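This report refers to the structure that appears directly beneath it.
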Amino acid sequence: MSLMFPKWMNALPTLGAIASMGGVVTVIAGTWYWATPSFFEVGYQPTQPGTGFNHKIHAGKLGMDCRYCHSNVEKSPEANIPAVSTCYGCHGPNKVSPARSTATDEKTQFIRDAFDADESIEWRRVHKLPDYVRNFPHDVHLSAGVSCLSCHGQIMSMPVVHQAESLSMSFCLDCHRHPEQALVPKDKVTDLRWVAGELEARAAGQGTTNTDELTGMLWNAPPQACGACHQ
Amino acid sequence: MDVTARVGTPSGKGYWRSVDEFSQTGAFREFVEREFPGGASELLDTSRRDFVKLMGASVALAGAATIPGCRRPDHKIMTYSADVPEHVVPGKPLFYATSMPLPGGGAEGLLVETHEGRPTKVEGNPLHPNNRGRCSPHAMAATLTIYDPDRLMYPIYDNPARGRVDATWDDFKTWGREHFAAYEGGGAGLAFLTEPKSSPAWDAAKADLMAKFPNARWVSYMPAGSDAATEGSRLAFGTPMREVFDFAQARVIVSLDRDFTDNEAGAISNARGFGAARRVWKSTDQMCRLYAVEPMHSGVGMLSDHHVRLAPSQIPAFAVAMAKAVLARRGNAALQAAARGRGRTGHCRVRRDPHRHAGQDVHRTARRRSRCRRSPRPLAHRGGRVAAGRGARPRARTQRRGSATPARPCGTPSSRATSPRRVLPGCDHWLATWLPGASRRSSA
Chain V
1 MSLMFPKWMN ALPTLGAIAS MGGVVTVIAG TWYWATPSFF EVGYQPTQPG TGFNHKIHAG
61 KLGMDCRYCH SNVEKSPEAN IPAVSTCYGC HGPNKVSPAR STATDEKTQF IRDAFDADES
121 IEWRRVHKLP DYVRNFPHDV HLSAGVSCLS CHGQIMSMPV VHQAESLSMS FCLDCHRHPE
181 QALVPKDKVT DLRWVAGELE ARAAGQGTTN TDELTGMLWN APPQACGACH Q
Chain Y
232 MDVTARVGTP SGKGYWRSVD EFSQTGAFRE FVEREFPGGA SELLDTSRRD FVKLMGASVA
292 LAGAATIPGC RRPDHKIMTY SADVPEHVVP GKPLFYATSM PLPGGGAEGL LVETHEGRPT
352 KVEGNPLHPN NRGRCSPHAM AATLTIYDPD RLMYPIYDNP ARGRVDATWD DFKTWGREHF
412 AAYEGGGAGL AFLTEPKSSP AWDAAKADLM AKFPNARWVS YMPAGSDAAT EGSRLAFGTP
472 MREVFDFAQA RVIVSLDRDF TDNEAGAISN ARGFGAARRV WKSTDQMCRL YAVEPMHSGV
532 GMLSDHHVRL APSQIPAFAV AMAKAVLARR GNAALQAAAR GRGRTGHCRV RRDPHRHAGQ
592 DVHRTARRRS RCRRSPRPLA HRGGRVAAGR GARPRARTQR RGSATPARPC GTPSSRATSP
652 RRVLPGCDHW LATWLPGASR RSSA
């Protein structure tokens, strides 16, 4: 009488169990690594309209302060993108001379077109928190002495803005638990080069600012309660 | 499907609920035949296969969308262009103080929250002496009116040949110049039909028009106005008046089918006064007691301690019976004094102009005293036991509710007085000038 099931089949349940456990581990590990904001979002760099806007030239080379354009960043929860008229102030007819700069008329024509048509330049949004993060105030962070660098990276050397940090929940909370490492004097928050140097020096134990004093000047401890951000 | 045709002419009484039903218009039949009124979304002519196909496609699409959807949606940041509006800070609300007419007459002071130029919320202005940070439900709902897709943005011209066509204000001006030329000399035969409104700009425009057409008629009409009450007060006291209640002092309030905290010109201050009379701070404070006598559950009915359900036609009789009972207990003199505002507590005030009242009532600290301020023309007694009568307005109330059976006016003298013939002649002037909120009944 032949066997209905060959003998080796007795090993099947064990093998199956091991395989499925391996599968579960793979899925978890995969999710852990790939399905996170730090994998999906860091480096996001959409194509901007026109010839784009170059932070490396304007903020880096020309040394313009961020607040020249992002003028409400200290007053409002939202950092604004400048109006077309702000660009037009320098890129109107016969303002920035093409002879002495890289800004040829063709490169900046989209600004004058938009201005003349009274239409906005439709910048593509780079940084975006999910809608369920209802509360992210720029003004509070800046007046606490958190530099743009901590969240946006070295914008001054980005020809095209990309997302430098994950902006995930653990990113927010890591700083909220230990804000002292990120705080800088309030008049330096937009001076990203200085901040970068300072934070590096601080990591090496040679910072020039007193972090305890800066932390002591905080109005409130940074919140860790869910309601603060998820409202 | 024509039931009448199939069944033959019905014998006995035929009942109908609307003129449309009676005349069996095409629109009405369509309405009856369709399960959902036009505009409600329907899946028309779908078989089960189509339905499953549709659902399958949606699921597939949703799946396909999730994979690239792990990337965030492509948002655009629309900046301002050549002109940047002053005061606008993206991310911060900007508040405007404004006012809005109340349906029952008068107006309320409001704060409108806007975001980047879009109104999002209407609240009472905390600095407005009447609103003090509160507002009527009409004001709350006004945000929706702004975004109502059916809102008229331009004039519409009723072209005799082509029906209704969209027009511009320039069209209207051209039309007006031709059309009103015929009334140049005095304007006899010309009538302006308007909503009752109390606004200085409106009054100025009206004055201009009346100066140009002195013989024209200016008729303010509001379907659910309170002019029956005004007219009742004229019959009773010789001068048209409007009540201003002070519930803060009341110990017992009887509301005769009157939604005084929600649905009338003084609702905001009424609700505040009622709240004050209800609130208990100390153990010795007394709560007021509210009796609501009404045919349906209104807001006041919800608040009341005692709710008596009564048909609208019975309410005048109830008022008479109640007056008799009060008379028996307190005597005629007391009742008359009360009606003249000199009762025991005597906190009553009748004003011709609700705005003047609002403007004066600013002494919040001296609340009691300011509430007791006497007016030269008291009408109703609100301090003692009886308050908030409504005898004069049964007709207006039933019409506002739009009840299916038009209740007959109940034959009290005051309700007869609402008949248009007695109100209309010669009254234009005081109605519009002295009682901005008072409206006239249609002669329908």
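For the record, the sequence lines run as chains V and Y. With the working numbering as the guide, the letters of the first sequence map in order to residues 1 to 231. With the working numbering as the guide, the letters of the second sequence map in order to residues 232 to 675. The beta carbon of each residue, even a glycine, is placed where N, CA and C say it ideally should be. Remember, predicted model here, so these are calculated numbers, not experimental data.
Given residue i as reference, the closest of the options once Cα atoms are compared
i: cysteine 172(V); options: Ala225(V), Met217(V), Val24(V) and Val161(V); result: Ala225(V)
i: lysine 128(V); options: Gly322(Y), Pro304(Y) and Ala398(Y); result: Pro304(Y)
i: glutamate 180(V); options: Ile18(V), Ser101(V) and Thr211(V); result: Thr211(V)
i: aspartate 379(Y); options: Pro350(Y), Gln517(Y), Trp433(Y) and Thr405(Y); result: Pro350(Y)
i: alanine 313(Y); options: Pro49(V), Ala204(V), Lys61(V) and Asp118(V); result: Asp118(V)
i: cysteine 366(Y); options: Ala258(Y), Gly416(Y), Thr256(Y) and Arg503(Y); result: Arg503(Y)
i: glycine 530(Y); options: Val551(Y), Ala556(Y), Asn501(Y) and Met518(Y); result: Asn501(Y)
i: threonine 399(Y); options: Ala392(Y), Arg393(Y), Glu409(Y) and Tyr388(Y); result: Tyr388(Y)
i: isoleucine 121(V); options: Cys151(V), Gln48(V), Ala59(V) and Asp65(V); result: Gln48(V)
i: proline 543(Y); options: Met527(Y), His537(Y) and Met533(Y); result: Met527(Y)
i: valine 320(Y); options: Ser71(V), Ser101(V) and Glu106(V); result: Ser71(V)
i: aspartate 419(Y); options: Ala435(Y), His318(Y), Ala436(Y) and Leu440(Y); result: A small fix is needed here, since residue 419(Y) is alanine in this sequence, not aspartate. Here the closest residue by C-alpha is Leu440(Y).
i: glycine 216(V); options: Ala204(V), Leu183(V), Lys61(V) and Cys66(V); result: Leu183(V)
i: leucine 62(V); options: Ser166(V), Pro223(V) and Pro159(V); result: Pro159(V)
Within-7 Å CB hit, residue i to chain V
i: valine 319(Y); result: no
i: valine 315(Y); result: yes
i: aspartate 306(Y); result: With the sequence shown as reference, residue 306(Y) is identified as histidine, and aspartate is not the correct amino acid for it. It does; some Cβ of chain V falls within 7 Å.
i: alanine 412(Y); result: no
i: serine 312(Y); result: yes
i: glycine 322(Y); result: yes
i: methionine 309(Y); result: yes
i: alanine 419(Y); result: no
Within 7 Å, strictly: CB atoms of residue i and residue j
i: glycine 337(Y); j: histidine 359(Y); result: no
i: isoleucine 308(Y); j: isoleucine 57(V); result: no
i: glycine 153(V); j: alanine 144(V); result: no
i: tyrosine 414(Y); j: leucine 421(Y); result: yes
i: valine 353(Y); j: alanine 373(Y); result: yes
i: valine 232(V); j: valine 126(V); result: It is not possible to answer for residue 232(V), since the shown part of chain V is limited to 1 through 231.
i: histidine 346(Y); j: proline 324(Y); result: yes
i: leucine 142(V); j: glutamate 74(V); result: yes
i: alanine 550(Y); j: leucine 487(Y); result: yes
i: leucine 541(Y); j: valine 557(Y); result: no
i: phenylalanine 115(V); j: valine 140(V); result: no
i: cysteine 229(V); j: asparagine 135(V); result: yes
Buried versus exposed, by CB contacts within 10 Å (16 or more), residue i
i: serine 514(Y); result: exposed
i: tryptophan 219(V); result: exposed
i: threonine 14(V); result: exposed
i: serine 429(Y); result: buried
i: threonine 310(Y); result: buried
i: tyrosine 88(V); result: buried
i: glutamine 591(Y); result: Its pLDDT being 33, under 50, glutamine 591(Y) is placed unreliably by the model, and nothing is read from it.
i: phenylalanine 231(Y); result: Nothing in the structure corresponds to residue 231(Y), since chain Y is present only between 232 and 675.
i: threonine 208(V); result: exposed
i: glutamate 495(Y); result: buried
i: serine 535(Y); result: buried
i: threonine 26(V); result: exposed
i: leucine 342(Y); result: buried
i: alanine 484(Y); result: According to the sequence displayed, residue 484(Y) carries isoleucine and not alanine. Buried is the call here.
i: threonine 256(Y); result: exposed
Supposed contact pair residue j and residue i - C-beta distance, whole angstroms, cut 8 Å
i: proline 427(Y); j: serine 464(Y); result: The Cβ separation is near 17 Å, so there is no contact.
i: methionine 156(V); j: leucine 192(V); result: 5 Å
i: glycine 322(Y); j: glutamate 78(V); result: 3 Å
i: threonine 461(Y); j: arginine 473(Y); result: 6 Å
i: cysteine 148(V); j: valine 189(V); result: 7 Å
i: proline 46(V); j: arginine 112(V); result: Contact flag wrong, Cβ pair sits at about 23 Å.
i: proline 316(Y); j: glycine 348(Y); result: 7 Å
Any chain Y beta carbon closer than 7 Å to residue i
i: serine 85(V); result: yes
i: aspartate 118(V); result: yes
i: histidine 136(V); result: Correcting the residue type first, residue 136(V) is phenylalanine in the shown sequence and not histidine. No, phenylalanine 136(V) does not count as interfacial toward chain Y.
i: serine 76(V); result: yes
i: glutamate 122(V); result: yes
i: phenylalanine 39(V); result: no
i: arginine 202(V); result: no
i: isoleucine 81(V); result: yes
i: asparagine 54(V); result: no
i: arginine 125(V); result: yes
i: serine 115(V); result: Checking the displayed sequence, the identity of residue 115(V) turns out to be phenylalanine instead of serine. True, the Cβ-Cβ gap to chain Y drops below 7 Å.
i: asparagine 72(V); result: yes
Residue-level contact to chain C via CB, residue i, 7 Å cutoff
i: glycine 416(Y); result: Checking the listed chains, one finds no chain C in this structure; the protein chains it contains are V and Y.
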